[in-house]
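Counting from 1, position 150 in the sequence shown corresponds to residue 412 in the numbering used here; the numbering is continuous, with no gaps.
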Amino acid sequence: MPSLGLIIEATLVMVTLMLISIKAGFVDPGGLISSFAVGYTIYVFGDRLFFVPLLIFYIIAGLMTKLRYEEKRLKGAAEEKLGARGWRNVLANGGVATTIVCIAAYTNNLLRPEFLAAYLGAISTAYADTLATEIGLLYPREPRLITNMKPVPAGTPGGVSPYGTAAQLLSAFTIVPATMLFLPTGDWSTVFFNLLVIVLASSFLGSAFDSLMGATMQAVYRCKICGKTTEKRTHCNTETQLLRGIKYIDNNMVNLIATAVGAVIAYMLVYSGAISLEIS
């Protein structure tokens with residue numbers, strides 16, 4: 263049962279964070295409500311150990327979405343609404359992690375290594391994929407489609423770039439140190455290294471799965487007016503034509519599935535004994 267002090271702390275931190283989010287334009291009204299729900303739930307039931315990695319993801323992803331936004335917009339690949347994320351995007355990226363924390367708290371397994379690994383696998387996959395997209399859009403050349411390595415326009419689902427891949431890998435080096443600040447362990451260096459391997463593996467493979475789904479299953483449309491390829495069902499105020507993929511699999515669905523894959527990979531790395539994660 264969460265303590266009164268933790269509930270008050272979580273409330274104050276989340277209200278402050280939401281005020282900053284409004285000012286910075288990180289989320290729209292729907293995204294604000296869902297962000298508060300996700301963050302507050304994880305803070306209250308998972309304490310600082312689980313909340314801080316989410317906080318790192320939220321702030322850095324928001325800043326990177328805003329980074330050189332006009333340049334991304336001119337490429338036709340920037341997030342809509344000046345980069346403000348909606349509720350679907352928030353739940354797609356944070357839904358799996360929130361579910362893991364709720365299950366772990368309900369079963370008194372918050373410090374069970376497999377659950378912590380699964381949580382970090384979900385968060386780090388969402389984080390790595392977001393940075394890969396936002397930083398990858400700044401790559402001066404065309405990205406390559408992950409399935410055949412042919413050049414594709416910036417923002418194409420399944421496109422990968424050196425900038426994006428580097429951002430994926432570097433994201434682990436912010437998540438892991440933040441987690442270690444609140445992780446009870448006697449062997450700091452060993453746990454840090456093992457946790458880094460878990461996060462690197464799960465986030466990289468989860469993001470790769472995201473790109474693979476984006477290239478093969480995600481719905482991609484063509485505008486009947488301007489001929490532009492888009493993920494949207496409407497463009498130029500006209501209904502678009504399905505070009506490839508499955509109609510009901512959009513970017514949010516791909517993100518949700520990819521975070522689940524990242525969570526499973528991280529969980530199995532610890533559960534199988536492939537990587538030890540000693541928590542005291």
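No residue lacks a Cβ here, since even glycine has one placed at the ideal position from N, Cα and C.
Since the model is a prediction, treat every value here as computed from it, not as a measurement.
Taking all protein chains shown into account, M411 has fewer than 16 neighbouring C-beta atoms within 10 Å of its C-beta and is therefore exposed.
In this structure, DSSP gives L539 a state outside helix and strand, which the three-state scheme calls coil. In this structure, A346 keeps its C-beta atom at 8 Å or more from the C-beta atom of G301. In the three-state reduction of the DSSP assignment, R406 falls in the strand class, which pools E and B.
Boundaries of the beta strand (DSSP E) harbouring R484: V482 to R484, taken from the DSSP string. Three or more beta-carbon pairs drawn from the segment 514 to 532 and the segment 450 to 470 are found closer than 8 Å, and the two stretches are therefore classed as touching. For the pair G426 and G357, the Cα-to-Cα distance works out to about 24 Å.
For R347, the pairing in a beta bridge is given by DSSP as V289.
Judged by DSSP in its simplified three-state form, P413 adopts strand.
Contact between L443 and L462 fails: their C-beta atoms lie close to 19 Å from each other, not under 8 Å. CA-CA distance, L457 to F307, rounds to 22 Å. Between the alpha carbons of M515 and N351 lies a gap of roughly 9 Å.
When the five nearest sequence neighbours on each side are left out, the beta carbons in the same chain lying within less than 6 Å of the beta carbon of I362 are those of A380 and Y381, in order along the chain. Shown here for H497: same chain residues with a beta carbon closer than 6 Å to its own, the five before and five after excluded, namely C485 in chain order. As the crow flies, the alpha-carbon of R330 is around 43 Å from that of S534.
Nearest Cα to A429 within the set A388, P291, I269 and G507: A388. For G338, the three-state secondary structure derived from DSSP is coil. About 5 Å separates the CB atoms of T441 and P315; that is less than 8 Å, so the two are in contact. For T500, the three-state secondary structure derived from DSSP is strand.
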